[in-house]
Amino acid sequence: MNVKKSSKLANLDLWKEWKEHGSLEAKNQLIESYLPLVEYVSSRMSIGLPSSISKDDLISYGIMGLIDAIDKFDLDRGLQFETYASWRIRGAIQDALRQGDWVPRSVREKAKRIEEAYGVLEQQYLRSVTDEEVCEYLGITLKEFQQMLHDVSVTTVFSLEDPIKEEDSETRIATVIDDKAPNPESALHRQYLHEMLSQAIDRLTEKERTVVSLFYFEELSLSEIAEVMSLSPSRISQLHSKALLRLKGVLANSKHQLFSE
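Per the numbering used here, the very first residue in the sequence shown carries number 817; after that it's consecutive.
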């Protein structure tokens, strides 16, 4: 990551001026200090999006998320601001994209069908299911499945701000944020979801795990990953989509089981 992150401690005086005294000048300086974070998140999220969506638009949406993060950040909560702000920035960008309805309904339906297939089949077999098994469940050919993955690749901009289920208000971020005084029931739910996510990652194929690791941890672009793995960019995009849809399917199915018990 080629972004110089500002430390919360380095900006402590500004934070105190803003939080304790409501100094707008301090707030503006904080916004300016963290603008590189907006550019970084926007660049990452622009991968795979249609060319009609400009990076400048993403940055504009992201800045709104940054401002919201600065307004709501609690100095005493124990989180690094950069982590918290990244969630808010990504969430603001995705909210704007959803409101703009840039993905056709038919494509969203395809993504939901694949996600459901992974959730159901991997719960049934307790392992990573094959493309052929997913095709049988969906009643389609392997060629049709590959085309579906290509079609939905632009919808797999993964975010912890996304609801675990579309009709649900609880987000993935709720499974990783630790409040000062969590109640035992919510702590148990978070632990359960952590375990299920860990199991889901273990069920990814070797190539899918490699793509996820290089993209989210080594922070390579999809084109760079294609070079590393000696595969085409379109194949890397397909592996990325399959991995995220598999993870989302398992999370949705696991949460359904948790609250139906």
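C-beta atoms are modelled at their ideal positions from N, C-alpha and C, and glycine is treated no differently.
### Task
Kindly give me the distance between the Cβ atoms of L1020 and S902, rounded to whole angstroms, as I take these residues to be in contact under 8 Å.
That pair is no contact at about 23 Å.
### Task
Give a yes or no on whether the C-beta atoms belonging to V968 and A1016 are separated by under 8 Å.
No, Cβ-Cβ distance for V968 and A1016 is not below 8 Å.
### Query
What do you get for S1113, buried or exposed, if any count of 16 or more other CB atoms within 10 angstroms of its CB means buried?
An answer regarding residue 1113 cannot be provided, because it is not within the stretch 817 to 1077 covered by the chain.
### Message
Between the alpha carbons of M817 and E1035, how many angstroms are there, rounded?
### Response
Low confidence applies here, because M817 scores a pLDDT of 47, under 50, leaving its location unreliable and the question unanswered by this model.
### Task
Classify S876 as helix, strand or coil using the three-state DSSP reduction.
Helix.
### Task
Please say whether Q845 and L828 have beta carbons closer to each other than 8 Å?
At the C-beta level, L828 and Q845 stay beyond 8 Å of one another.
### Message
What does the alpha-carbon distance come out to for the pair R914 and R921?
### Response
If you draw a straight line from the Cα of R914 to the Cα of R921, it comes to about 11 Å.
### Query
Run through DSSP, which three-state label would L840 get?
L840 falls in the helix class under three-state DSSP.
### Task
Report back the beta-carbon spacing between Y877 and I909 to the nearest angstrom; my notes put them in contact at under 8 Å.
Between I909 and Y877 the Cβ distance is about 5 Å, and since that is below 8 Å, they are a contact.
#### Entry: Beta-carbon spacing of R1062, Y934 below 8 Å
Taking C-beta atoms as the reference points, R1062 and Y934 count as a pair closer than 8 Å.
### Query
According to DSSP, is T1026 helix, strand or coil?
T1026 sits in a helix when the DSSP states are folded into three classes.
### Task
Mark D995 as exposed unless 16 or more other C-beta atoms lie within 10 angstroms of its C-beta, in which case mark it buried.
Bear in mind that a pLDDT of 44 at D995, under 50, signals an unreliable position, so the number given afterwards is only what the model happens to contain. The residue is exposed, with fewer than 16 neighbouring Cβ atoms inside 10 Å.
### Selected residue, minimal CA-CA separation from L851, among L865, S862, Y953, I879
The candidate whose alpha carbon is nearest that of L851 is I879.
### Task
For K835, collect the residues of the same chain with a Cβ closer than 7 Å to its Cβ; drop the 5 residues on either side in sequence, then sort them by chain order.
The residues are L891.
### Message
If distances are taken between C-alpha atoms only, which option among K959, F961, V857 comes closest to D872?
### Response
Per the Cα distances, V857.
### Query
Cα-Cα, which of T899, L865, R893 is closest to G881?
When only C-alpha atoms are compared, the closest one is T899.
### Message
Please state the DSSP three-state secondary structure of V945.
### Response
Shown here, V945 sits in coil according to DSSP, grouped into three states, outside any helix or strand.
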